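Take 1 as the starting number for the sequence shown in UniProt numbering and just add one per residue.
Just so you know, even glycine gets a beta-carbon here, dropped at the ideal spot from N, CA and C.
Bear in mind the structure is a predicted one, so any value in this text is a computation, not a measurement.
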Amino acid sequence: MSGTPPAPGRTTVPYHEDRSPGSGALPPRPWYAGSDAARLSLNGRWRFRLSPTVADTDTAFTAPEFDDAGWSELEVPGHWVLQGHGAPAYTNTAYPFPVDPPRVPDENPTGDHRHRFDLPPNWPGGPAVLHFGGVESCARVWLNGTELGHFKGSRSAHEFAVGPLLRPRGNVLAVRVHQWSSGSYLEDQDQWWLPGIFREVELHSRPEGAVADHFVHAGYDHTTGLGTLRVSCDPPGRVTVPSLGLDLATDESATVAVRPWTAEDPVLYDGELVTPGERIPLRIGFRTVRVADGLLQVNGRRILLRGVNRHEFDPHRGRALDRGTMRRDLLMMKRHNLNAVRTSHYPPHPAFLDLCDELGMWVVEECDLETHGFRALGWRNNPVDDPRWEPALLDRARRTVERDKNHPSVIMWSLGNECGTGQGLSAMAAWMRRRDPSRPLHYEGDPSCADTDVYSLMYADHAEVERIGRRTEEPPDDAELAARRRDLPFVLCEYGHAMGNGPGGLSEYQRLFETYPRCQGGFVWEWLDHGLHRTTPQGAEFHAYGGDFGEELHDANFVCDGLVFPDRTPSPGLTELKKVVEPVRITEGGSGDGPPRTVVIRNLHDFADLSGLAFSWAYEVDGVAHASGTLTVPDTAAGATAEVELPPVLSAPGGTRADGSYPEAWWTVRAVLAEGTAWAAAGHEVAWGQLPAPAPGDRTGPPVGPPVAPRRSGADLTLGPGVFDPATGLLTAVAGEAVHGPRLEVWRAPTDNDEAASGPSDPGPAAAWRRAGLHRMRHRTDDVALSPEALTVRTRVAAAGTDAALRVVHRWTAAAELLRLEVTVEPEGEWHVPLPRLGLRMAVAGSLGRVRWYGGGPGEGYPDSRAAARLGRWESSVDALQTPYVRPQENGARPGVRWAELTRADGTGLRIDGVPEFFLTARRWTTEELDAARHTTDLTPGERVRLHLDHAQHGLGSRSCGPGVLPRYRLTAGPARFAFTFSAVR
Ligand code: IPT
1 MSGTPPAPGR TTVPYHEDRS PGSGALPPRP WYAGSDAARL SLNGRWRFRL
51 SPTVADTDTA FTAPEFDDAG WSELEVPGHW VLQGHGAPAY TNTAYPFPVD
101 PPRVPDENPT GDHRHRFDLP PNWPGGPAVL HFGGVESCAR VWLNGTELGH
151 FKGSRSAHEF AVGPLLRPRG NVLAVRVHQW SSGSYLEDQD QWWLPGIFRE
201 VELHSRPEGA VADHFVHAGY DHTTGLGTLR VSCDPPGRVT VPSLGLDLAT
251 DESATVAVRP WTAEDPVLYD GELVTPGERI PLRIGFRTVR VADGLLQVNG
301 RRILLRGVNR HEFDPHRGRA LDRGTMRRDL LMMKRHNLNA VRTSHYPPHP
351 AFLDLCDELG MWVVEECDLE THGFRALGWR NNPVDDPRWE PALLDRARRT
401 VERDKNHPSV IMWSLGNECG TGQGLSAMAA WMRRRDPSRP LHYEGDPSCA
451 DTDVYSLMYA DHAEVERIGR RTEEPPDDAE LAARRRDLPF VLCEYGHAMG
501 NGPGGLSEYQ RLFETYPRCQ GGFVWEWLDH GLHRTTPQGA EFHAYGGDFG
551 EELHDANFVC DGLVFPDRTP SPGLTELKKV VEPVRITEGG SGDGPPRTVV
601 IRNLHDFADL SGLAFSWAYE VDGVAHASGT LTVPDTAAGA TAEVELPPVL
651 SAPGGTRADG SYPEAWWTVR AVLAEGTAWA AAGHEVAWGQ LPAPAPGDRT
701 GPPVGPPVAP RRSGADLTLG PGVFDPATGL LTAVAGEAVH GPRLEVWRAP
751 TDNDEAASGP SDPGPAAAWR RAGLHRMRHR TDDVALSPEA LTVRTRVAAA
801 GTDAALRVVH RWTAAAELLR LEVTVEPEGE WHVPLPRLGL RMAVAGSLGR
851 VRWYGGGPGE GYPDSRAAAR LGRWESSVDA LQTPYVRPQE NGARPGVRWA
901 ELTRADGTGL RIDGVPEFFL TARRWTTEEL DAARHTTDLT PGERVRLHLD
951 HAQHGLGSRS CGPGVLPRYR LTAGPARFAF TFSAVR
């Protein structure tokens, strides 16, 4: 133990600073949505007064007759800092106060709450409890002037016996809440510090003989198909499950044929638990979780976790979530092929778990525990390694398990997050194992896995995951622990850090999960950006992050690292994840030359066959469907593969494209829900694949026309439809459209992943790029040469202070109405950094506000995050092409574009065909403006549309927390060649 001497200057500390979990509260019990025992919600408008320190307060307000007329009003549940009192603050791991456990600073905002309530006329009288769903971080409670006790443990429920204190009318509940307490040391999760009564406050009648505790044990034996039910209960009673014909005493067990519960098919049997004083509805899911043969198994099968880490957050209400929001989260997750949630890093509102039971989610439920800020201090005085904190730690373990043990969706308990190691964790684990041997334990922070049943890491790179898959990873020192760990299944409790644009590299992780049985998937970090909704003085709305509230210590936008934006619209990362983890993989079959004649359908579900899905095919030429039909897929069990014939070759109009090239043909095969489910309607798309198809028969088109020679007349230089500046060789107009450029561009507004440093010796790609001057490249025109066939412009692009350069040859040719540009890039000197991008940058009229393209879409895509980009014909406004990352950065590229048309309202405009395919980006501000912006409201549309036609982009990676760009997605400076054809859209 790394103990501390007693705090000098103080022999006793006040209740909010002592290490105890509290006093006066009742033992924890299971939460359930309701029973026949009366309940009264005390939520609503309460009276509120904020004091900056504890010393400024006295307890006079607890007297029922106290006059609170001068106080403010506050919405409960809620956080006072989001209701105009004080300010939120964000730190990732650093404690926002001097570290001296268990002491907290004098500046300890303290909120006194008062609520007056009457009992309804039919209130039964007798025993009752006052229920607090969650209060951050320490509450002291009085009812009608009598003190009930105090508690810590923000995201656990606490209850007090209050029956004898209640009066029919004029009850006064007084609650003092301290923002900081000893408990804050155990709640150093990466999120906003948000004090307040943020979950419901209720009064529960607890009649004599009501259920004090009950534990539903419902296992499933996959070898027999039988489920065994036993419900233990205090006091004893009876359990009925009508649809199973069960009527048994508590503690008696019954074994019957059942359909098991899984996340794919969440079968719940309605039942009832009846004791002398209460009837509780039960929702029973039969399933057995175990770690066997080195695998995490449910009902005898290995499962693959397609998961996310979920914090509770709402941009207006913080952690005071309503059920609609919880449900919306889950529906979105299900619709994006996700099947697992880690409740990072505390027990969620228990209603969320009811929804997980109902909709089907594997849940890893974590205790409300993180002491991350001690890491920077070499883990000195870490509470989890100090026996004096053990009661508080055990209290958190107990309150987690006891409250939520009856949920079939919860398949593992997690001790907490990022606490280092220590005996306190072992004590928690020992208690949890005794109390609930039916669930494996998870904890990531101890590489020895001494207290856990699964080996878990966060942000391991692909190579490490592969070694773990092969069981060849570096073992822990202790031989016994090494042997034990090698036999454990592996999960990535966090990976794919979804901060800003990214993550890249998800597909590569998924391949590993599908290749190595030991690698059972993981949980992307994280579900949601925690940006707080704010409005500028001019009335523009944006999402605020760390530092926007004047915090003296903060971690900026590291709190915005989710797959969905703060307002819960999906970010491109979620669309990508949906595609990557799809439970059915559709790929081309057959072997040999020519387009495939069969399609391979791989069923990647853990349990379900494909009968719930309807398959269809479409034959598309340059994104236009010419024929479509249903695809009959045979019964294919989970884990099995079917190969299905595609329809015979079809004839379709082909012709040629504007630049004279031939259109392409593709099959698109889709799998949609055959019937509606609890989480999506019939027709909802689950999976899709695209395969090259035989080309359309008609391969003829109008000839492009004879070549045209460049002409210089006076101050003008023209070539076919193009007009050039004779001095710089820059295009000034094409097909009647004023343009500026194109010229070579290598800079992009760095993403959060680009910006991430991994220590003083490695400041990250963006810093290296800036050092190399990639954001301040100069263009020198070396030659503007005319020949009968071409206009050739040679430039040298380089930054001040270096001799590394890019030599660029622009070869312009024209034929009839087409203007063609061939670009050759040749690096010169030594290039030590990858390029952010390589392509052309140009400006066109702002009126060209519509975009139509044939290529990847509809959303953005980057080299290592483009699985979800579907080849098709897409349309958007320029404005809608932007992805509003909370901190502005590179975004919006559409990958694999063959051609694009930018048009104005009347339909006229400019067309660009690219060979090879390119990344298309169009926005109303420059890269420099995008780079400089801190919030979305810093960007104001300019007069022109800025186009980027990129031959290549550097990958995204996941470096903001985790591995950078995989080698194959690095954009190394090297010789490159690409071409574009410009023409008019009329
Ligand atoms: C990891 C934390 O567990 C998580 O809460 C979050 O902070 C995440 O990082 C980054 O967003 S811990 C880190 C040291 C890998």
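Please classify Gly227 as buried or exposed, where buried requires at least 16 other C-beta atoms within 10 Å of its C-beta. buried
Assigned secondary structure, Cys138 (DSSP; H/G/I helix, E/B strand, else coil): strand
Could you check if Pro276 is buried or exposed, using at least 16 other CB atoms within 10 Å of its CB as the buried criterion? exposed
Simplified DSSP assignment, three categories, for Val581: coil
Delimiting residues of the beta strand (DSSP E) encompassing residue 993: A query on residue 993 cannot be resolved here, the shown segment of the chain reaching from 1 to 986 and no further.
So for Cys233, helix, strand or coil by DSSP? strand
How many Å lie between Ala695 and Pro663 at the Cα? 8 angstroms
Could you tell me which residues DSSP puts in a beta bridge with Asp783? Arg794
From the DSSP secondary-structure annotation, give me the bridge partner or partners of Asn417. Glu370
Does DSSP classify Pro489 as helix, strand or coil? coil
Given the structure, does Asn382 come close to the ligand IPT, in the sense that its CB is under 7 angstroms from one of the ligand's heavy atoms? no
Buried or exposed: where does Phe978 fall if 16 or more other Cβ atoms within 10 Å of its Cβ makes it buried? buried
Considering only their Cβ atoms, is the gap separating Phe48 from Trp71 smaller than 8 angstroms? yes
In terms of residue numbering, what span does the beta strand (DSSP E) encompassing Gly521 cover? Cys519 to Val524
Every unbroken beta strand (DSSP E) inside the UniProt region "Disordered" (692-714) [3 residues or more]: 711-713
Taking 7 angstroms as the cut-off, is the CB of Cys961 close to at least one heavy atom of the ligand IPT? yes
Can you name, in chain order, every residue of its own chain whose Cβ lies under 6 angstroms from the Cβ of Gln189, other than the five neighbours on each side? His345 and Glu370
Any idea if residue 1012 is buried or exposed, counting beta-carbon neighbours within 10 angstroms, 16 or more meaning buried? Here the chain has residues from 1 to 986 only, and residue 1012 is not among them.
CB contact flag (Thr908, Asp659, <8 angstroms): no
Check for me: the beta strand (DSSP E) holding Ile912 runs from which residue to which? Gly909 to Arg923
May I ask you to report which of helix, strand or coil DSSP gives Leu26? coil
I'd like to confirm something about Glu588: is its beta-carbon nearer than 7 angstroms to some heavy atom of the ligand IPT, or not? no
DSSP three-state call for Gln690: helix, strand or coil? strand
Pick from Val833, Glu685, Gly872 and Val621: whose alpha carbon is nearest that of Glu675? Glu685
I want to know whether the stretch 187-201 touches the stretch 74-85 - three or more CB-CB distances under 8 angstroms. yes
Run the CB neighbour count on Leu130, radius 10 Å, all protein chains shown included, and call it buried at 16 or more, exposed below. buried
Just verifying my parser: in three-state terms, what is the DSSP assignment at Asn144? coil
Whole-angstrom distance between Arg327 and Cys519, CA atom to CA atom: 29 angstroms
With a Cβ-Cβ cutoff of 8 angstroms, do Gly373 and Thr288 count as a contact? no
Just checking my contact of His779 with Thr795 at CB under 8 angstroms: how many whole Å lie between their CB atoms? 5 angstroms
Quick one: measure Cβ to Cβ for Pro489 and His530, integer angstroms, because I've assumed they're closer than 8 angstroms. Contact doesn't hold; Cβ gap of about 31 angstroms is too wide.
Straight-line gap, Asp368 to Asp436 (C-alpha atoms, nearest Å): 18 angstroms
Which residue from Phe724, Trp853, Ala922 and Gly623 puts its Cα closest to that of Leu691? Gly623
CA-to-CA distance, Cys356 to Gly741, given in whole angstroms: 54 angstroms
Is the closest heavy atom of the ligand IPT to the C-beta of Phe558 under 7 angstroms? yes
Straight-line Cα distance separating His951 from Pro572: 21 angstroms
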